[in-house]
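Asker: Top line first, the protein sequences correspond to chains F and A. Just so you know, this note's numbering puts 1040 at position 217 of the first sequence, and the rest follows in order with no gaps. Just so you know, this note's numbering puts 245 at position 91 of the second sequence, and the rest follows in order with no gaps. Idealized CB from N, CA, C, for every residue including glycine. Let me give you the structure first, and then I'll get to my questions.
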Amino acid sequence: MCRLFALTSTEPQSPMRAIEALDVMREGHDGSGVGLFLSDLGGPWEELDGAPILSGIFSNEGLKRLDRFMMDIGFMTKYKLSIKVPKSPPPGVPKRDIYLIRAYELPEEWEDLSRDEIDFRLMKIRLQLRQMGQENEDMIVFSFWPDCIMIKEIGDPLTVAEYLQLDRKELRARIILAQGRQNTNYAINLYACHPFFIQGIATMTNGENTAFVPIRDFLSSRGFAGYMGYQSDSEVFTHIMHYTLNMLGLDVPYYKHIITPLQDHDLEDHPNGDFLRHLKHSCRRLVIDGPNCVIGCLPDKRVFMVQDRKKLRPGVVGGKPGLFALSSEICGLDAIIPDRDKSSDFQPMHLDTVIIGPDRQEVQICSQKDTLPPIH
Amino acid sequence: MFSEGYIAPHSLSVRDLPWQIHWSLDKCTLCGRCTTVCPVHAIELGVFRKRIVETPMGLARRPANVFKVFYGIRQKTDPAYACIGCGMCNLVCPNGAIMPYRTDEADKLRFHINRGGQPRRRGGRRNVRGGILDRIKFIRISMLTDPALDAGRHEFELRTLLGRVLPPEENLRLLKEEGWIPPVREIYPLIIGGMSFGALSPNMWEGLQMGVAYLNEELGMPVRMCTGEGGCPPRLLRSRFLKYVILQIASGYFGWDEIIHSIPDMKEDPCAVEIKYGQGAKPGDGGLLMWYKVNKLIAAIRGVPPGVSLPSPPTHQTKYSIEEAVAKMIQSMYMAWGFRVPVYPKISGTSTALAVLNNLTRNPYAAALAIDGEDGGTGAAYNVSMDHMGHPIASNIRDCYLNLAKLGKQNEIPLFAGGGIGKNGNLAANAAALIMLGASGVQSGKYIMQAAAGCLGSESDRCNVCNIGVCPKGITSQDPRLYRRLDPEKVAERVVDLFLSFDTELKKIVAPLGRSTSLPIGMSDALGIDDAAAAQRLQIKYVV
């Protein structure tokens, strides 16, 4: 089972803090991979004013192709972080040429485009790069979005982090998602590494989603270019969140109603029962199954945690105003925020959604039995 | 017959018949129950002459013949009275003195059951053992990465939807604008398939209805039953139990006069309306209720004169083309209940099912598509239709589901599979396989008749006389002397038993796959089969 750790903080934090938490929980992952998602970035990234940041791994040849491609479509480099690694990687970590984190200036002709159109085009570019990379096996692209950085690599989390020297002052973020992977049913492939990303939404999961195939079939048939390339059964959690927010225009509390709807007898007593019944029927194909704890981050910098219908996985949220963490195990939380009030730690159960807003002042808990916020 | 005597072309010996009656002189008490109960009069009292040659010791007396008479059972060899192997003789015999046995070679009777140029007609099934459904295995077992669930103690939601399900965006938009949203019923995925009042005896029908009502009202299982084409008893139409009933309309429109007239008195809407365009057992052929079974009650409910055969036309006579006529029919049925009742067509399995489906996807009123495969049963059909016509259900359903998935409409038009589900006794496994191939639910008739009422049909041409109203178990007969053998209360009990055991078995299948929150429709990654060609055809895993 994978280990998950996320933190959200008013002060930018080093990703090493999350890696340390993973290391405390290392009994639960096999060192087959680590994934990091950073958002609400600090330091130099704060001044980029919405410039999309490309994160990925490139061979020397791939980097040349990237530069040609980006130049052709009018993207200019605005800021970059070069990670120079020692010549020989530690055991279990493959040799790579370049770990790239690079912010681009949007092309001039994009200036008049609507936000939606820009968002769509950024996604299309990421997908195009991914496809180009897969053809020649010279680039792996994780994200291309403002204020988001992703780093993924095969190997033990702490070893990889030290090798990549992630504890550098240019790399600080207020939101950090980290996953230590326990490889299950798919070959080790960086596209199968959590967190998964689409248009500013990132989620990571432990456990296996047994309803993966029908959900994948549904999402892939929506006609939306971003719902593709499923290398992991957990990737659909990210896309369902995207579908909920962007396609249905529903907020996070509705997400849980889509992936694990209430049963009939509960709907009868629910103040929004009629609406929820329609949601349940029409979104039946998105119902997840299996043991899952989902932790994620939304474009508006809220972080959340939900559990599967039976709450088969652990998950805890705790912290103090200004710094909260969402962890798959309590020991991870203890290691990073030892001085919190442990009595107010919260372990979401089968009906709960936990949300922490960008003010990081409190943990908001929604139960599926609660009245839902109005729809806009 | 004497050895030098005359032989007609159809002179058969008992050996030439499919079933031979073995009878024991030692055990027989000559009570006569067997000859009375035999539904086809295949056996009769036999008076046998027996010669014994007595040769006394010594020379005083000469050897002599002693002639004796003994009584027993004689099996008729006239094709019209050939034994059907039902075994009722054995059931009633107090001493177990009599039993039919299947011949060990192909019978000769089959060449002679066409007297008067009338080919064989019968009820029952295709009489082919095996089938692809039994060979499909569930191979994706949750082991350590995700725990298998507890079929006995975890919470399960094994429900399906009957009705046109809109894409989420569309549904929410209409909800906001207060537009018309197609009615959707949340039902149990095993439906009792269309068996008409008329095809079934009143006791059988009542038993099924009572069982269904109990399952709904006492056990909270939303089980639905389809009426078949034969109307619906007036009291049921006016009762609250109508909501558990799917009314079927077929090309003979039997019983619809009564249904239409009772609409103003209905307390509840029916669950749905099924428009039957075809039936798996006799595809391209209409329903058939032979005159033997059309008594006064049946005639009254159907609105026809008694004692005449009721062959429904192979197609709806008002049909001109699927594009507009089917759409019109679906729409008018919707209109009858104020657009509150889902209406869907049922077709027989066919290589043209995709064309029908594609058409329905463009019809916003089509609530589902039921497909009945070649292994479906029937109350009456021509033997040739049953044995040789039709399409297997597995690939038909799979093609349709994959086609819907390509269009992004999977489960928007729910597919219901019928025909041979549980024909070898594996109801839950067959149902689960079809669901994972893409069916939203399954319809079953034969299994229900066997489990709930002890139908004797098997896949070896046993009994199969549903068509002529002589069902020895009283399931498909309209003769009170026969159907009083069947206690409706006991049928209801068995219906409940079989649904509860089906439910447990279905959970025992889906729980180890890690599924419980929703019915695993289209979860094809769980399926495997030991036949490479079938695996490729169904797009499931090939396992050996």
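State the DSSP-derived secondary structure class of Ala302 of chain A, mapped to helix, strand or coil.
Answerer: For the purposes of this step, residue 302 of chain A is taken as the residue at position 148 of the second sequence. Three-state DSSP puts Ala302 of chain A in coil, outside helix and strand.
Asker: Kindly indicate which three-state DSSP category Thr658 of chain A falls into: helix, strand or coil?
Answerer: Within the second sequence, numbered from 1, the residue matching residue 658 of chain A stands at position 504. In the structure shown, Thr658 of chain A sits in a helix (DSSP, three-state: H, G or I).
Asker: Is His1080 of chain F helix, strand or coil by DSSP?
Answerer: On the first sequence, residue 1080 of chain F is found 257 positions in, with the first residue counted as 1. Residue state, collapsed to three classes: helix.
Asker: Going by alpha carbons, who is nearest to Glu870 of chain F out of F:Leu845, F:Arg1136, F:Lys903 and F:Met1064?
Answerer: Taking the first sequence and counting its residues from 1, the one referred to as residue 870 of chain F is at position 47. Ranking F:Leu845, F:Arg1136, F:Lys903 and F:Met1064 by Cα distance to Glu870 of chain F puts F:Lys903 first.
Asker: Roughly how far, in whole angstroms, is the beta-carbon of Ala586 of chain A from the beta-carbon of Ile683 of chain A, given that I think they are within contact range, below 8 angstroms?
Answerer: Taking the first residue of the second sequence as position 1, residue 586 of chain A is located at position 432. Taking the first residue of the second sequence as position 1, residue 683 of chain A is located at position 529. Not really, about 14 angstroms apart at Cβ, beyond 8 angstroms.
Asker: Which partner residues of Arg826 of chain F appear in the DSSP bridge assignment?
Answerer: To locate residue 826 of chain F, count along the first sequence from 1; it is residue 3. Beta-bridge pairing links Arg826 of chain F to F:Gly1003.
Asker: In the DSSP assignment, find the beta strand (DSSP E) that holds Pro969 of chain F and state where it starts and stops.
Answerer: Residue 969 of chain F sits at position 146 when you count from the first residue of the first sequence. Run containing Pro969 of chain F: Met962 to Pro969, per the beta strand (DSSP E) assignment.
Asker: Closer than 8 angstroms, Cβ to any Cβ of chain F: which residues of the stretch 642–674 of chain A, in chain order?
Answerer: Under the 8 angstroms Cβ criterion, the stretch 642–674 of chain A contributes Leu667, Gly668, Arg669, Ser670, Thr671, Ser672 and Pro674.
Asker: Note down the Cα distance separating Arg203 of chain A from Tyr225 of chain A, rounded to an integer number of angstroms.
Answerer: Along the second sequence, one-based indexing puts residue 203 of chain A at 49. Along the second sequence, one-based indexing puts residue 225 of chain A at 71. Roughly 9 angstroms between the two C-alpha positions.
Asker: Where does Phe408 of chain A fall in DSSP's three states?
Answerer: For the purposes of this step, residue 408 of chain A is identified with residue 254 of the second sequence, where counting begins at 1. If DSSP states are grouped into helix, strand and coil, Phe408 of chain A belongs with coil.
Asker: For chain A, find out if any of its Cβ atoms is closer than 9 angstroms to the Cβ of Phe1098 of chain F; answer yes or no.
Answerer: Within the first sequence, the letter at position 275 stands for residue 1098 of chain F. So yes, Phe1098 of chain F belongs to the interface.
Asker: Could you tell me how far apart the beta carbons of Ala312 of chain A and Asp679 of chain A are, in whole angstroms, since I believe they sit closer than 8 angstroms?
Answerer: Looking up residue 312 of chain A in the second sequence gives position 158. Looking up residue 679 of chain A in the second sequence gives position 525. Looking at the sequence provided, one finds Leu at residue 312 of chain A rather than Ala. Not quite, the Cβ-Cβ distance comes to about 19 angstroms (not below 8 angstroms), so this is no contact.
Asker: Return the first residue and the last residue of the beta strand (DSSP E) that Asn792 of chain F is part of.
Answerer: Nothing about residue 792 of chain F can be read from this structure; chain F reaches only from 824 to 1199.
Asker: Note down, in chain order, every chain F residue with its Cβ under 8 angstroms from the Cβ of Glu340 of chain A.
Answerer: Within the second sequence, numbered from 1, the residue matching residue 340 of chain A stands at position 186. Those within 8 angstroms of Glu340 of chain A in chain F are Asp1087 and His1104.
Asker: Would you call Gly533 of chain A buried or exposed, if buried means 16 or more other Cβ atoms sit within 10 Å of its Cβ?
Answerer: Translated into the one-based positions of the second sequence, residue 533 of chain A becomes position 379. It is buried - the Cβ of Gly533 of chain A has at least 16 other Cβ atoms within 10 Å.
Asker: Whole angstroms is fine: what's the gap from Phe881 of chain F's alpha carbon to Met962 of chain F's?
Answerer: Residue mapping note: residue 881 of chain F aligns to position 58 of the first sequence, counting from 1. Residue mapping note: residue 962 of chain F aligns to position 139 of the first sequence, counting from 1. Taking the straight line joining both Cα atoms gives about 4 angstroms.
Asker: Our contact map puts Lys563 of chain A next to Thr504 of chain A with C-beta atoms below 8 angstroms; I'd like the distance itself, whole angstroms only.
Answerer: Residue 563 of chain A sits at position 409 when you count from the first residue of the second sequence. Residue 504 of chain A sits at position 350 when you count from the first residue of the second sequence. Rounded, the Cβ-Cβ distance is 20 angstroms, inconsistent with contact.
Asker: Going by beta-carbon coordinates alone, are Gly492 of chain A and Pro468 of chain A separated by less than 9 angstroms?
Answerer: In the second sequence, counting from the first residue as 1, residue 492 of chain A sits at position 338. In the second sequence, counting from the first residue as 1, residue 468 of chain A sits at position 314. No, the pair does not count as a contact, with Cβ atoms beyond the cut-off.
Asker: Within 9 angstroms of any Cβ in chain A, is that where the Cβ of Met1064 of chain F sits?
Answerer: Numbered from 1 along the first sequence, position 241 holds the residue referred to as residue 1064 of chain F. Not one chain A Cβ lies under 9 angstroms of Met1064 of chain F.
Asker: Name the chain F residues that come within less than 7 angstroms of Asp300 of chain A, Cβ to Cβ?
Answerer: Position 146 of the second sequence, counting from 1, holds the residue named residue 300 of chain A. In chain order: Gly1030, Glu1031, Thr1033, Gly1113 and Pro1114.
Asker: Name the DSSP beta bridge partners of Glu428 of chain A, please?
Answerer: Here residue 428 of chain A corresponds to residue number 274 of the second sequence, with the count starting at 1. DSSP output for Glu428 of chain A lists A:Gln402 and A:Tyr498 as bridge partner(s).
Asker: Assuming Val1117 of chain F and Thr1194 of chain F form a contact by the criterion Cβ under 8 angstroms, report the distance between their Cβ atoms to the nearest whole angstrom.
Answerer: Along the first sequence, read from residue 1 onward, the residue named residue 1117 of chain F stands at position 294. Along the first sequence, read from residue 1 onward, the residue named residue 1194 of chain F stands at position 371. Incorrect: roughly 23 angstroms between the Cβ atoms, too far for contact.
Asker: Just the C-alpha distance for Asn1008 of chain F and Ile977 of chain F, rounded to the nearest angstrom, thanks.
Answerer: Here residue 1008 of chain F is taken as the residue at index 185 of the first sequence, counted from 1. Here residue 977 of chain F is taken as the residue at index 154 of the first sequence, counted from 1. For Asn1008 of chain F, the predicted structure reports a pLDDT of 49, less than 50, and the residue's modelled location is therefore unreliable. A value from the coordinates is still provided. Each residue's alpha carbon lies about 16 angstroms from the other.
Asker: Taking the C-alpha atoms as reference points, what is the distance between Leu987 of chain F and Gly576 of chain A?
Answerer: Counting from one through the first sequence, the residue named residue 987 of chain F turns up at place 164. Counting from one through the second sequence, the residue named residue 576 of chain A turns up at place 422. If I take the Cα positions, the gap works out to 60 angstroms.
Asker: Between which two residues does the alpha helix (DSSP H) containing Ile589 of chain A stretch?
Answerer: Taking the first residue of the second sequence as 1, we reach residue 589 of chain A at position 435. Looking at the DSSP string, the run of the alpha helix (DSSP H) that includes Ile589 of chain A is Leu581 to Leu591.
Asker: Looking at the secondary structure, which residues open and close the alpha helix (DSSP H) in which Val176 of chain A lies?
Answerer: Working through the second sequence from its first residue, we reach residue 176 of chain A at position 22. Correcting the residue type first, residue 176 of chain A is His in the shown sequence and not Val. Looking at the DSSP string, His176 of chain A is not in any alpha helix (DSSP H); the run it does join, the beta strand (DSSP E), is Trp173 to Trp177.
Asker: If we count the other Cβ atoms within 10 Å of its Cβ and call it buried at 16 or more, is Thr183 of chain A buried or exposed?
Answerer: Taking the first residue of the second sequence as position 1, residue 183 of chain A is located at position 29. Label assigned to Thr183 of chain A: exposed.
Asker: Identify every run of the beta strand (DSSP E) within the stretch 165–238 of chain A, keeping only runs that are complete inside it and at least 3 residues long; order them along the chain.
Answerer: The qualifying runs are 173–177, 197–208 and 218–229.
Asker: Measuring alpha carbon to alpha carbon, tell me which of A:Glu331, A:Pro376 and A:Gly382 ends up nearest Gly347 of chain A.
Answerer: The sequence position of residue 347 of chain A within the second sequence is 193, counting from 1. Taking only the C-alpha atoms, the option nearest Gly347 of chain A is A:Gly382.
Asker: Short check: CB of Asp942 of chain F to CB of Gly879 of chain F, under 9 angstroms?
Answerer: What you label residue 942 of chain F is simply residue 119 of the first sequence in a count that begins at 1. What you label residue 879 of chain F is simply residue 56 of the first sequence in a count that begins at 1. Contact flag unset, no.
Asker: Going by CA-CA distance only, name the one from A:Thr209, A:His266, A:Pro568 and A:Leu213 that's closest to Tyr235 of chain A.
Answerer: Counting from one through the second sequence, the residue named residue 235 of chain A turns up at place 81. That would be A:His266, whose Cα lies nearest to the Cα of Tyr235 of chain A.
Asker: When you compare each of A:Glu371, A:Tyr696, A:Leu344 and A:Gly278 to Asn618 of chain A by their alpha carbons, which one comes out closest?
Answerer: In the second sequence, counting from the first residue as 1, residue 618 of chain A sits at position 464. The option with the nearest alpha carbon to Asn618 of chain A is A:Gly278.
Asker: Going along the chain, which unbroken runs of the alpha helix (DSSP H) with 4 or more residues stay wholly within the stretch 237–311 of chain A?
Answerer: 242–246, all fully within the stretch 237–311 of chain A.
Asker: With Ser1043 of chain F as the anchor, note down where its alpha helix (DSSP H) starts and where it stops.
Answerer: Numbered from its first residue, the first sequence carries residue 1043 of chain F at position 220. Looking at the DSSP string, the run of the alpha helix (DSSP H) that includes Ser1043 of chain F is Phe1035 to Ser1043.
Asker: Helix, strand or coil for Asp679 of chain A? Go by DSSP, reduced to three states.
Answerer: Within the second sequence, residue 679 of chain A is the residue found at index 525, counting from 1. If DSSP states are grouped into helix, strand and coil, Asp679 of chain A belongs with the helices.
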